[in-house]
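Input: a single structure, listed below in structure tokens.
Residue numbers (UniProt numbering), protein chains in the order written: chain A, 1 to 274; chain B, 1 to 265.
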């Protein structure tokens, strides 16, 4: 890469130029992290877009600015809700005129773990919980469902976006150490809540019952009520979820499972079992 | 119908952009269902269909960068179908999911096709032209807006009056079967969540949640509070630290988790 040959700053003077207002402006820009998402460099373009106001203020000559822009346009991918944390750290390092290698290294080192924590916190915990509660209300025809969902979700969402930008900026490189120490503990706590909720969702939101009646001599009894419910309530939803889980573990695609589920429903009804 | 189709198209455009940029989550079926209900004049049905579709998509989130069936189109077309054809929400699931899979394939293609934009950005970076990079950043969201508009406008506009007739033509076992499949479908999403999160050492928490709901009949919020209480106790009693210094087995499972998280979005 060309940038490696000319990776020295023309203007290495360190000066505090970023204000709280600048940081907040870049939080709003972080909403477009995936604006130019593509499979070559994923969020690289949007990540650069988010940093531009800060980079322009820090690097006053075109050579240094061009070098920084070129660096940030490379492959980048992290969780879109936690990105401001990396933005904060990166901006602190840029302002401190750290070497390009350090900035690149820290950036890449943080995007992976934050991606994992973000998945656990948002997609697997916050979203299922808020959407689950919202859907429970909405399914009774209550307008509070979607409203409660949006309010609860976005308080956490925007609170973290703004909070993490300033936290990341203030702690600078020290934050990396803290993050590395706590990654496992945070993931673990999030997993515990998440799995407890998933257990309840499996029991309450999957509708899978048999309608088949079995004739034993003169007595007719319903297989679902007579047998399955006696063993365990919600047995079929539990078994089917674990069947899907097992298939996914074996590397089968979710699309195949969707197809199988449609076939189970349609064929089951055709035969008269479900 | 033209006005309603346009309104739904515009709403799908906004929600489609939110799916990747903004992420305020107005694109979830829980919200889009209610809005589509409002546009089509049947708010209650929209609300309920949205809630049903929301649960189907509960686990279908972009984990580790893998794109699930398109939640925006699934929610909007599913709800519109439920209202216009006067069918049960779970039948709508059977219609919405295959449609959403097809749309997501198109989106994957769009994301591939946008790769050359990066090289244009490189050229701007070499000239330190930040305005140029800013401008390029707005192209893809605008393109997606138009894409979502067309994809949701056309079926509503062309097939609104036909939706009902189409459903009446279908045999009852197919409608009934799709409805059954719609009821089971959330299992796929939950299994996807479990694939990422489930470890033998966490099995106990899944059991607690399942039993509290299946036998105890507890609400989700109540179960979430129980889970939160356990997690808080676990966090502050330092159990999470112990896992590293535990037996060999614990270390092995920890490694697996790290691997799962390493390439997440």
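Where is the CB? At the ideal position from N, CA and C, for every residue including glycine.
Predicted, not measured: the structure shown is a model, and the values here were computed from it.
Boundaries of the alpha helix (DSSP H) in which residue i is found, first to last residue
i	result
residue 220/A	Segment 219–222 is the beta strand (DSSP E) holding residue 220/A; no alpha helix (DSSP H) there.
residue 56/A	44–58
residue 104/A	100–118
residue 206/A	Neither: residue 206/A is in no alpha helix (DSSP H) and is coded neither H nor E.
residue 213/B	203–214
residue 12/A	Residue 12/A -> no alpha helix (DSSP H), and no H or E assigned at all.
residue 84/A	83–95
residue 269/A	254–271
residue 173/B	172–184
residue 4/B	2–20
residue 228/B	220–236
residue 129/A	127–138
For residue i, three-class secondary structure by DSSP
i	result
residue 249/A	helix
residue 26/A	helix
residue 2/A	Any answer about residue 2/A is weak, because its pLDDT of 42 lies below 50 and its placement is not dependable; what the coordinates show is given next. If DSSP states are grouped into helix, strand and coil, residue 2/A belongs with the helices.
residue 170/A	helix
residue 154/A	helix
residue 76/A	strand
residue 70/A	helix
residue 19/A	coil
Residue from the options whose Cα sits closest to the Cα of residue i
i	options	result
residue 206/B	42/A, 191/A, 82/A and 216/A	191/A
residue 72/B	218/B, 124/B and 10/B	10/B
residue 18/B	189/B, 59/B and 70/B	70/B
residue 38/A	233/B, 157/B and 114/B	114/B
residue 71/A	237/A, 52/A and 216/A	52/A
residue 184/B	194/A, 159/A and 240/A	240/A
residue 171/A	126/A, 85/A and 251/A	85/A
residue 92/A	273/A, 19/A, 131/A and 35/A	19/A
residue 12/A	63/A, 229/A and 167/A	63/A
residue 227/B	223/A, 210/A, 229/A and 193/A	193/A
residue 69/A	55/A, 117/A and 220/A	55/A
residue 238/B	188/A, 25/A and 130/A	188/A
residue 27/A	60/A, 83/A and 136/A	83/A
residue 266/B	17/A, 235/A, 219/A and 209/A	Residue 266/B lies beyond the residue range present for chain B, which begins at 1 and ends at 265; the question has no answer from this structure.
residue 270/A	229/A, 217/A, 139/A and 210/A	210/A
For residue i, the first and last residue of its enclosing beta strand (DSSP E)
i	result
residue 216/A	213–216
Own chain partners of residue i with C-beta closer than 6 Å, once the 5 adjacent residues on each side are dropped
i	result
residue 122/A	81
residue 13/B	145, 148 and 149
residue 5/B	153, 156 and 157
residue 206/A	237
residue 100/B	69, 70, 73 and 74
Contacting residues, own chain, Cβ-Cβ under 7 Å from residue i (five flanking each side not counted)
i	result
residue 258/A	none
residue 74/A	41 and 44
residue 103/B	70, 73 and 151
residue 30/B	50, 51 and 54
residue 96/A	14
residue 98/A	none
Same chain only: Cβ atoms within 8 Å of residue i, ignoring 5 sequence neighbours per side
i	result
residue 230/B	205 and 208
Just list the alpha helix (DSSP H) runs in the region 108–136 of chain B, keeping only unbroken ones of 4 residues or longer that don't cross its boundaries, in chain order. Every alpha helix (DSSP H) of 4 residues or more that sits fully in the region 108–136 of chain B is shown, in chain order, as 116–126.
Counting only runs that start and end within the region 35–79 of chain B, where is the alpha helix (DSSP H) found for 4 or more residues in a row? 43–56
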